[in-house]
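Everything below concerns the one structure shown next.
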Amino acid sequence: KRQRLRLSRPIKFKRISFEIAEVHEGRDPDTSIAEIVFYRNRKKIELLRPAESVLSVRPGLYIWTSEEGYVFLRSDGSVIDIPEPVTKRWMIKDGPLFSADGSIILYHDDGDMGPVGEVIIKADRGKDFEPWPIYKGSGYTHPLAISGDNEKLLFSLAPGSETENRKLCLINLDGSGFQELKAFDRRTYVSARWLSDNRRIVYWYQNNYINFVHVLDTATGKSTKVVEVQAQGRFSDLSFDKRLLFDAWTEGEQEFWVDLESGIIKRLG
2 KRQRLRLSRP IKFKRISFEI AEVHEGRDPD TSIAEIVFYR NRKKIELLRP AESVLSVRPG
62 LYIWTSEEGY VFLRSDGSVI DIPEPVTKRW MIKDGPLFSA DGSIILYHDD GDMGPVGEVI
122 IKADRGKDFE PWPIYKGSGY THPLAISGDN EKLLFSLAPG SETENRKLCL INLDGSGFQE
182 LKAFDRRTYV SARWLSDNRR IVYWYQNNYI NFVHVLDTAT GKSTKVVEVQ AQGRFSDLSF
242 DKRLLFDAWT EGEQEFWVDL ESGIIKRLG
C-alpha cells in the first residue's frame, strides 16, 4: 500500500526505498521494533529501529530514544549515538521536534524531582551535535513548532504552581526575545503551528471538549478567532496555511478539518 508521507507527526512504517520514495506501512503487533530497508546504489541495507521513531523532513534522517540517549540513523546506514546531556537530575524527554529542513532537532529536558524548564537545541553538523539551552525558567516547557526560517520557537509553558496559568510563548533560537503570547487556564490543552510567513501562527486550545481555533500575528499581538469546534480531537496536520486537520481521539468521533479563512468544519469518514 502506497501513501504520502505526513511529516508533521511520528508515523509507523516498515519499509522505505529512498530511490523510488515509496512507503510501505506495517508493524509487528508483538514488538516495538520495525524494519527499515535502504537501497543505495543497488546495495540493500537492512536495519532495525523502534516503530515510534520520528522521521525528519530531510530524507533518511531518523531519531529515537534508547536507554543510553538519542540515536540518529542516516540513509547511508550509519548510526550516530547521542549521549545524554549531563545533569544531576533524572531526565524526562518530550519530543523530539525537527525544523522544516531537518537541520535542527529540539527536545524538552525536565527532571522528575521538580521543574527544570530547559529547552535544548541540537544542530545537525555532520557528526558533531552540539546542544545548547535556549530557555531556562520555572514551570514545564513543551516545544510546539520551529519557524520555517529556523529563527523562532513556539512552546507552551505549564505552571510551576497551582496559582499560575498555562502560557503560549515565543523565543528566538539564540535564547533572546522571550514573549508570552497568550495565557490560559492551567488545565487547558494548547498547541500551535507557524504559518508560512513566519510571522503569524495558528493556535488552538481545548477546554470542556471544545477546540477554539485562532490566528495570531506575533508582530502585533492581534488574535483573530476562527471557529469553535464541538468535538474532541488533536491536531494532525496543517495544509498550505488553509486547513487544520484533527484526529479523533475518542471512540465514536471522526476526523475533521477546519478552514482557517471561512471557519468551515468538515467531518471526514
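When we follow our numbering, the leftmost residue of the sequence shown carries the number 2, and every step to the right adds one. C-beta atoms are modelled at their ideal positions from N, C-alpha and C, and glycine is treated no differently.
query: Taking the straight line between their C-alpha atoms, what separation do you get for Gln-207 and Ser-148?; result: 23 angstroms
query: For a test of the three-state rule: what should DSSP assign to Phe-179, helix, strand or coil?; result: coil
query: Identify whether Gly-118 lies in helix, strand or coil by the three-state DSSP scheme.; result: Its pLDDT being 45, under 50, Gly-118 is placed unreliably in this model, and the coordinates cannot settle the point.
query: Between Ala-283 and the rest of its own chain, which residues show a CB-CB distance below 6 angstroms, the 5 nearest in sequence each way excluded?; result: With the chain represented from 2 up to 270, any question about residue 283 goes unanswered, as that position is not in the structure.
query: Could you have a look at Ser-220 and say whether DSSP puts it in helix, strand or coil?; result: For clarity, residue 220 is Ala in the given sequence; the question names Ser instead. Correct three-state label for Ala-220: coil.
query: Report all residues from its chain with a CB closer than 6 angstroms to the CB of Gln-180; omit the five preceding and five following residues, and keep chain order.; result: Leu-171
query: In whole angstroms, what is the alpha-carbon distance linking Asp-150 and Asn-199?; result: 7 angstroms
query: Out of Lys-153, Phe-213 and Leu-158, point me to the one whose CA is closest to Leu-196's CA.; result: Lys-153
query: Just to confirm before moving on: does the CB-CB distance between Ile-266 and Val-228 stay below 9 angstroms?; result: yes
query: Which of the three DSSP states, helix, strand or coil, is assigned to Thr-189?; result: coil
query: Over the uninterrupted beta strand (DSSP E) stretch that includes Arg-167, give me the two end residues.; result: 167 to 173
query: How would you call Tyr-136, buried or exposed, if buried means at least 16 neighbouring beta carbons within 10 angstroms?; result: buried
query: In its own chain, which residues sit with a C-beta less than 6 angstroms from the C-beta of Tyr-190, not counting the 5 before and 5 after it?; result: Gln-207
query: Could you give the DSSP three-state label for Ser-281: helix, strand or coil?; result: The question about residue 281 has no answer here: the residues shown for the chain are numbered 2 through 270.
query: Given a threshold of 16 other Cβ atoms within 10 Å of its Cβ, counted over all protein chains shown, does Thr-221 qualify as buried or as exposed?; result: exposed
query: Determine the closest residue to Asn-173 out of Leu-155, Leu-182 and Val-214, with distance taken between C-alpha atoms.; result: Leu-155
query: Return yes when the Cβ of Pro-144 is within less than 9 angstroms of the Cβ of Leu-182, no when it is not.; result: no
query: Out of Ser-177, Asp-186 and Ile-105, which has the shortest C-alpha to C-alpha gap to Ala-146?; result: Ile-105
query: May I ask you to report which of helix, strand or coil DSSP gives Leu-261?; result: coil
query: How is the beta strand (DSSP E) around Leu-196 delimited, first residue to last?; result: Unbroken run through Leu-196: none, as it is neither H nor E.
query: With DSSP collapsed to three states, give me the class of Asn-151.; result: coil
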